[in-house]
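One gets this note's numbering by counting positions in the sequence shown from 1 and adding 84 to each. The beta-carbon is built from N, C-alpha and C at its ideal position, and this holds for glycine as well. Keep in mind that this is a model prediction, so the values were computed, not measured.
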Amino acid sequence: MHRGKGMKFVGDSRVPSMEFRKPNVPKDYSEYPGKTEAFWPNFLLKEWMIGAVFLIGYLLLTVAHPSPLEGQADPTDTAYIPLPDWYFLFLYQLLKYEFASGPFNVVGAIIIPGLAFGALMLAPFLDRGPERRPSKRPLPTGFMILAIVSIIFLTWESVANHDWEAAEAQGKITQEVEIDTTDPGYEIYAGAACISCHGDNLEGAVGPALTGTGLSPEEIAEIAKNGIEEGGTLVMPAAWDGTDEDLQVLAEFISGLEAE
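Given below as structure tokens:
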């Protein structure tokens with residue numbers, strides 16, 4: 085057989101030189117009419133427009149419903165009911181349980197959140213398959229469902245068990261009132277049990293503030309003698325055990341305290 089006869093070349097194993105290889109440059113967006121667009125200015129202009137709409141919406145919301153302001157923080161007030169922002173409510177609720185509070189604070193504050201965020205970081209490495217359907221990806225899907233259900237449940241529990249009325253009352257801003265400590269009514273007030281609940285300056289401590297109540301002396305005397313209930317809940321018990329004359333002086337003193 086002569087050289088080359090009866091032979092078929094099915095491929096070429098020769099590797100072309102790098103100088104002849106075409107660069108791997110993607111096609112311009114204009115090669116796909118109707119499917120792509122220029123980033124500048126078309127796409128970026130749309131992003132700016134959407135951002136402007138949301139910014140204006142947030143500004144209108146803050147004007148219509150401004151952030152509520154509370155009174156000055158008092159670190160000595162042990163009756164204050166704290167509440168974090170809504171996106172931390174589930175962690176706040178977690179710290180209320182026995183297994184994550186008290187001597188086990190490190191469990192609720194570090195270990196459990198650390199495991200949750202660690203699982204979230206490891207999710208891409210635990211399932212590296214090409215499947216995109218949730219039913220074909222049991223580990224990431226299970227972690228996600230567990231996280232969502234836990235966050236919703238803990239947030240709901242935190243909101244449902246919070247005393248919103250007490251929190252609103254404790255945050256009210258009360259204007260300062262100049263107290264005449266030489267007044268006979270204040271001397272009676274300081275010598276009675278009232279000062280332990282309503283504070284030295286009648287600004288309120290455990291009990292509410294007694295400045296600017298808008299009550300008459302008779303109404304104040306009635307509350308001091310018989311207490312007061314609101315909605316079936318005892319707001320203030322009967323606390324007066326002195327004479328009627330002293331009570332009248334005290335009631336007139338409290339009734340005359342008006343906010344500046």
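Environment of HIS282 [buried if 16+ CB atoms lie within 10 Å]: buried
Of the residues ILE312, MET320, LEU294, the one placed nearest LEU334, counting alpha carbons only: LEU294
Touching by the beta-carbon criterion (3+ pairs, under 8 Å), the stretch 183-201 and the stretch 266-277: no
Own chain, CB closer than 6 Å to ALA231, minus 5 neighbours either side, in chain order: none
C-beta atoms of TYR176 and PRO168 nearer than 8 Å: yes
Beta-carbon separation (whole angstroms), ILE263 vs LEU286, contact threshold 8 Å: 7 Å
Cut-off 8 Å between Cβ atoms - residues of its own chain near ASP247, not counting five sequence neighbours on either side: ILE165
Pairwise C-alpha distance: PHE237 and LEU199: 18 Å
Delimiting residues of the alpha helix (DSSP H) encompassing HIS282: 279-282
Within 8 Å, strictly: CB atoms of PHE174 and THR239: yes
Three-state secondary structure assigned by DSSP to ILE263: coil
GLU344 classed as buried or exposed, judged by whether at least 16 other C-beta atoms fall within 10 angstroms: Residue placement at GLU344 cannot be trusted, given a pLDDT of 49 that sits under 50; what the coordinates show is reported in the next sentence. Counting Cβ neighbours within 10 Å, GLU344 comes out exposed, since fewer than 16 surround it.
Cutoff 7 Å; reference ALA207; Cβ partners in own chain excluding five residues on either side: PRO224, PHE227
Per DSSP, the bridge partner or partners of MET320: ILE312
Coil, strand or helix - TYR142 by DSSP: helix
Nearest to ALA322 (by Cα), restricted to the options LEU341, GLU336, GLU329, CYS278: CYS278
Contact set for TRP324: own chain, Cβ-Cβ below 7 Å, skip 5 residues either direction: ALA308, LYS309, LEU331
GLU336 versus TYR273, MET320, THR162, GLY311, residue with shortest Cα-Cα distance: TYR273
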